[in-house]
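Below is one structure, written out as structure tokens; the observations come after it.
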Amino acid sequence: MADDNKEEAAKEEFIHKMRHSLAHVLAEAVAELFPGVKFGIGPAIENGFYYDFALEHHFTPEDLPKIEKKMKHIMAQTQKFERVELPRAEALKHFADKGENFKVELINDLPEGSVISIYKNGPFEDLCKGPHVEHTGKLKAFKLMSIAGAYWRGSEKNPMLQRIYAVAFETQDELNAYLKQQEEAAKRDHRKIGKQLEIFTFDDDIGPGLPLWLPNGAIMIEELEKLAKETEAAAGYVRVKTPHLCKETLYQKSGHLPYYAESMFPAMDIDGQKYYIKPMNCPHHHKIYGSKPRSYRDLPVRMAEYGTCYRYEQSGELFGLMRVRSMQMNDAHIYCTPEQFQEEFLAVCRMYLGYFKIFGIEKYVMRFSTHAPEGLGKKYVDNPELWASTEIMVRDTLVSGGIPFKEIPNEAAFYGPKIDVQVWSVIGKEFSLATNQVDFAVPARFELVYKDSDGKEKTPLCIHRAPLGTHERFIGFLIEHFAGNFPLWLSPLQVKVMSITEESEAYARGIEAKLKAAGLRAAGNYGSETINAKVREASVEKTPYMVVVGKKEMDAGTVTLRLRGGKQVFGVSLAEFIENLRKEAAERLLTGTYV
RNA sequence: GCCGAGAUAGCUCAACUGGUAGAGCAAUCGCUUCGUAAGCGAUAGGUUGUGGGUUCGAGUCCCAUUCUCGGCUCCA
Numbered sequence: 028m029a030d031d032n033k034e035e036a037a038k039e040e041f042i043h044k045m046r047h048s049l050a051h052v053l054a055e056a057v058a059e060l061f062p063g064v065k066f067g068i069g070p071a072i073e074n075g076f077y078y079d080f081a082l083e084h085h086f087t088p089e090d091l092p093k094i095e096k097k098m099k100h101i102m103a104q105t106q107k108f109e110r111v112e113l114p115r116a117e118a119l120k121h122f123a124d125k126g127e128n129f130k131v132e133l134i135n136d137l138p139e140g141s142v143i144s145i146y147k148n149g150p151f152e153d154l155c156k157g158p159h160v161e162h163t164g165k166l167k168a169f170k171l172m173s174i175a176g177a178y179w180r181g182s183e184k185n186p187m188l189q190r191i192y193a194v195a196f197e198t199q200d201e202l203n204a205y206l207k208q209q210e211e212a213a214k215r216d217h218r219k220i221g222k223q224l225e226i227f228t229f230d231d232d233i234g235p236g237l238p239l240w241l242p243n244g245a246i247m248i249e250e251l252e253k254l255a256k257e258t259e260a261a262a263g264y265v266r267v268k269t270p271h272l273c274k275e276t277l278y279q280k281s282g283h284l285p286y287y288a289e290s291m292f293p294a295m296d297i298d299g300q301k302y303y304i305k306p307m308n309c310p311h312h313h314k315i316y317g318s319k320p321r322s323y324r325d326l327p328v329r330m331a332e333y334g335t336c337y338r339y340e341q342s343g344e345l346f347g348l349m350r351v352r353s354m355q356m357n358d359a360h361i362y363c364t365p366e367q368f369q370e371e372f373l374a375v376c377r378m379y380l381g382y383f384k385i386f387g388i389e390k391y392v393m394r395f396s397t398h399a400p401e402g403l404g405k406k407y408v409d410n411p412e413l414w415a416s417t418e419i420m421v422r423d424t425l426v427s428g429g430i431p432f433k434e435i436p437n438e439a440a441f442y443g444p445k446i447d448v449q450v451w452s453v454i455g456k457e458f459s460l461a462t463n464q465v466d467f468a469v470p471a472r473f474e475l476v477y478k479d480s481d482g483k484e485k486t487p488l489c490i491h492r493a494p495l496g497t498h499e500r501f502i503g504f505l506i507e508h509f510a511g512n513f514p515l516w517l518s519p520l521q522v523k524v525m526s527i528t529e530e531s532e533a534y535a536r537g538i539e540a541k542l543k544a545a546g547l548r549a550a551g552n553y554g555s556e557t558i559n560a561k562v563r564e565a566s567v568e569k570t571p572y573m574v575v576v577g578k579k580e581m582d583a584g585t586v587t588l589r590l591r592g593g594k595q596v597f598g599v600s601l602a603e604f605i606e607n608l609r610k611e612a613a614e615r616l617l618t619g620t621y622v
């Protein structure tokens, strides 16, 4: 076992070295083909590597095969990688003489007196701390994938360089397997399946990032809301409804305006007053809390709403349903005393875990985002003590609750630390699916109080939580998670009834009617196509249950089932089928009854 | 927002270097009545995202614009 791990680690290390060395070969090839190029950085990344270049010529996709060819030529030359060390000042002069201003900037950031290492192979050299493979002949399977713009050192204030992305593996087989797997993943892309299954669409006249939910998507939304409402009712939440607009003064009070004005739709002028369309529900809920006096006996107040918000995301950030400009949020705010905090926060975390079980979500990371002291007063409200104490409170709750998490500094909300649930889309983009935040700042700004047992007015803590995120992102995620094969309760169409010949049509229609009367979402196909065609159509629609009836079923008074996936079940009584399906849907089972 | 690429029938895609837009599926209408992933035929469907320009002639070349995609930045 230990040896396996060692072997694994050695392999990892080699692949990393190989990818990084390939980045140097890429840079060398580009330097030969495009004189005058300046170099940014070229690290190994997951599945491959990239290199950033500053160059007048704009790379086009046609350049990639030429560069690949040159790289293979370099690999065939088995150029040795050699490490050369220079004192900092000398290295600075060396790169400055060559006009490599990006490298000069990197060296300038290294501490005075450091020894700078340069790796040379053939005619190429690069500022680099290594390590590398011995020679370019050791390099194996790679493929240049795409050209992208990327800001120097990741800041939009810096110039934009041209980045070439590549994938690389130890063997051609592994590379082919990776490419194949990417192809498979693209098939479950929510944008593709969402169109095929008629879940959502976009329209030029509606606007970018503003999805239209088609009837099938609307059913999914309603099922999710039903789940949320049941869960929240059982957990002691009350429900509220708030308008989509409010005056500017609300966001001045909440303190959102200086932080978020840029990601809000511009204000509209109404009767000389500025109004905004709401980008979040919190301030509205705070106002409801503040609408009457509250006693410590009333706390915790757990206030839920599926609130619709609008955010002006930058055009380039929009991505299918995962990143949109209009969203319906599974929002709630819990106002509690510091004593109640731990229990409330843990209950919220448990609600998350309960949901994940329902959906079978297993690949996620709980990301605990904390503040960074240098951001106080800018990115974060300036109250170091409260930051410290709240973060300790959250961390303790997570640890004592046995909830695994990863702590990331400098990612908090402006009003407090948060926990985001990170998931990945099939094409590898990372998203916060759900969020859970502590707010120790905004309730005070709204002068929210409760009368404590000692007769004094105190400010409650507020927990913001959205375990089901937004319908948009959550359904986008679920489409990919299930590849469109939704569990029964979420399936827009649950049963497709089909007749084999005209003779059995009336019998089939009767079954459809009974299914519908039992509250199941059923439809029929009684056309004159062959049963093969009907089965195919229902399969393409990913319908969980097909009911196929012909003369045999008519005579026996039964139904024949075909499950999504192809399994057939004969001689089922309709009453039993209906009962099983009702149960399967009501209990939101992940696994079908007849599997 | 920035860099790059793209947009052709409802969907998936074709149309060599500029020369009268085409296929499959879906739809509609017939025929077919069939036992578990595509029965056969016919019909209809387009100002090639939009607006300008070059040209005898533009889906194809140029400019602008909208939207989408791949990244970067961002993500309450």
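The numbering of the first sequence is my numbering, which starts it at 28 and goes up by one. A virtual CB, placed ideally from N, CA and C, is assigned to each residue, including glycine.
### Query
Per DSSP, what kind of secondary structure is Pro436 in: helix, strand or coil?
strand
### Task
State buried or exposed for Thr462, treating a residue as buried only when at least 16 other CB atoms are found within 10 Å of its CB.
buried
### Query
Based on the DSSP output, what are the partners of Met581 in its beta bridges?
Its beta-bridge partners do not exist; DSSP assigns none.
### Message
What would DSSP say about Leu373, mapped onto helix, strand or coil?
### Response
helix
### Message
Quick check on the DSSP output: the beta strand (DSSP E) that includes His360 runs from which residue to which?
### Response
Ser353 to Cys363
### Distance between beta carbons of Met581 and Ile558, contact taken as under 8 Å
Their Cβ separation, rounded to whole angstroms, is 14 Å, which puts Ile558 and Met581 out of contact at 8 Å.
### Query
Taking the alpha-carbon positions, what's the Tyr302 to Arg589 distance?
55 Å
### Message
Is it buried or exposed, Glu418, if we count other Cβ atoms within 10 angstroms and call 16 or more buried?
### Response
buried
### Residues near Asp479 in its chain [Cβ-Cβ closer than 6 Å; skip 5 each side]
Tyr323 and Lys485
### Query
Thinking just about the alpha-carbon of each residue, which of Phe458, Pro235, Ala262 and Arg377 is nearest to the one in Gly429?
Arg377
### Task
Could you pull the start and end residues of the alpha helix (DSSP H) that Gln209 belongs to?
Gln199 to Lys214
### Message
Can you give me the C-alpha to C-alpha distance between Ser318 and Thr424, rounded to a whole angstrom?
### Response
Whole-angstrom Cα-Cα distance: 31 Å.
### the region 514–525 contacting the region 392–403, beta-carbon criterion three pairs below 8 Å
no
### Query
To the nearest angstrom, how far is it from the Cα of Gln369 to the Cα of Lys280?
27 Å
### Whole runs of the alpha helix (DSSP H) within the region 111–196, excluding any shorter than 4 residues
115–124 and 128–135
### Message
Let me check one thing: in DSSP terms, what residues is Phe395 bridge-paired to?
### Response
Glu434 and Ile446
### Query
To the nearest angstrom, how far is it from the Cα of Lys170 to the Cα of Glu332?
Each residue's Cα considered, the two are about 48 Å apart.
### Query
Where does Met349 sit, in a helix, a strand or coil, going by DSSP?
In the three-state scheme derived from DSSP, where H, G and I count as helix and E and B as strand, Met349 is classed as coil.
### Message
Does Ala288 come out as helix, strand or coil in the three-state DSSP assignment?
### Response
helix
### Alpha carbon of Ser290 to alpha carbon of Pro327, nearest angstrom
Their Cα atoms are separated by approximately 31 Å.
### Query
Would you call Ser182 buried or exposed, if buried means 16 or more other Cβ atoms sit within 10 Å of its Cβ?
exposed
#### Entry: Supposed contact pair Leu254 and Gly511 - C-beta distance, whole angstroms, cut 8 Å
The Cβ separation is near 19 Å, so there is no contact.
### Query
What separation, rounded to the nearest whole angstrom, lies between the Cα atoms of Leu119 and Cys155?
13 Å
#### Entry: Of the listed residues Val469, Val194 and Gly402, nearest to Glu438 (C-alpha basis)
Gly402
### Query
Apart from the five residues just before and just after Phe501, which ones in its own chain have a Cβ nearer than 6 Å to its Cβ?
Once the five neighbours on either side are set aside, the close Cβ partners of Phe501 are Leu495.
### Message
Would Phe633 and His43 be called neighbours here (beta carbons separated by less than 8 Å)?
### Response
One cannot answer for residue 633 here, as it falls past the ends of the chain, which runs 28 to 622.
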